[in-house]
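Input: a single structure, listed below in structure tokens.
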Amino acid sequence: MTTQAHVDPATALGLLHVVLPMRTVSGGKARLGEALDAEEREELVLGLLLHTLAMLARWSTCRRVHLVSPDPMLDAVVGLAGLDLVVHRQPGEGLNEGIVLGIEAALSEGADCLLVLPGDLPHVSVEALEELVMAADASLAAVSGGPIVAIVPSDARNGTNALLLRPPGIIGPAFGADSFEAHLRAAETAGVAVQVVSGSGLGFDLDTPEDLERLDAARLRELMDLGRAAADGVGV
46 MTTQAHVDPA TALGLLHVVL PMRTVSGGKA RLGEALDAEE REELVLGLLL
96 HTLAMLARWS TCRRVHLVSP DPMLDAVVGL AGLDLVVHRQ PGEGLNEGIV
146 LGIEAALSEG ADCLLVLPGD LPHVSVEALE ELVMAADASL AAVSGGPIVA
196 IVPSDARNGT NALLLRPPGI IGPAFGADSF EAHLRAAETA GVAVQVVSGS
246 GLGFDLDTPE DLERLDAARL RELMDLGRAA ADGVGV
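Counting along the sequence shown from 1, when you hit position 4 you're at 49 in our numbering, and nothing is skipped either side.
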């Protein structure tokens, strides 16, 4: 019996780097102000970040992580994650400007493929990340190795919760209001094949008090406890 050879997505896509953009810890998740006080929001931001880094540390497809942030406190925090990554200090607080900085760094290190992954996805997992890569790999095969863009929209389908680019920089980042449509338009303008990946654990993010209500209480406690321990560890 003949068996079909399995193509490793990491090999098909090439060297994959992740850009993880972060705002300041103290200024993050301001829209949750009606549900959490400032200290609780900081703990949640740190818990989400450390959970994301833990998943990336387990994800063998990822060859390098570029954390981009204007916050100097994150230098100490990421040391708790046990992950070899590069921290880029951006001069301003613009989200897309920081992502561009990460993309440029990834390109300078020879990345073939890049994933922009926000740090506020409570259900991010190795399985969800592999699902995205498998979808991108299928799109890559369909265009015979040409440029591709894979997008994970937010559950509300207005934002972008993950953006995979091969090659890096094939379109510019347009995170913010209505970023899902903005990224679709950018890919169309560039003539790039697009794969929309829905239904994974990457679609749910934490932005509003309503999002907090949707999140399992036990999961929220885990993230808060993780963030509280990190804050205590670095003296926040």
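We treat Cβ as the ideally placed atom computed from N, Cα and C, and that holds for glycine.
This structure is a prediction, so every number in the text was calculated from the model and none was measured.
- Is I144 closer than 8 Å to V282 when the C-beta atoms are compared? Nothing in the structure corresponds to residue 282, since the chain is present only between 46 and 281.
- Task: Verify whether the separation of the beta carbon atoms of V132 and D120 is less than 8 Å.
- Result: Closer than 8 Å, so yes.
- Just curious, the alpha helix (DSSP H) that L229 is in, first and last residue? Looking at the DSSP string, the run of the alpha helix (DSSP H) that includes L229 is 224–235.
- Would you give the residue range spanned by the beta strand (DSSP E) that P117 belongs to? Run containing P117: none; DSSP gives neither H nor E here.
- Every unbroken alpha helix (DSSP H) inside the region 76–113 [4 residues or more]: As far as the region 76–113 is concerned, its whole alpha helix (DSSP H) runs of at least 4 residues are 83–103.
- Between the beta-carbon of E88 and the beta-carbon of P115, is there less than 8 Å? No, Cβ-Cβ distance for E88 and P115 is not below 8 Å.
- Task: Identify every residue that forms a DSSP beta bridge with V70.
- Result: DSSP lists no bridge partner for V70.
- Simplified DSSP assignment, three categories, for I216: Looking at I216 - three-state DSSP - the assignment turns out to be coil, as it is neither helix nor strand.
- Query: Beta carbon of I196, beta carbon of V237: below 8 Å?
  - Reply: 8 Å or more divides the Cβ of I196 from the Cβ of V237.
- Task: Within 10 angstroms of the Cβ of D270, are there 16 or more other Cβ atoms? Answer buried if so, exposed if not.
- Result: That one is exposed.
- Item | Three-way DSSP call (helix, strand, coil) for V63 in this model | In the displayed model, V63 falls within a strand according to three-state DSSP.
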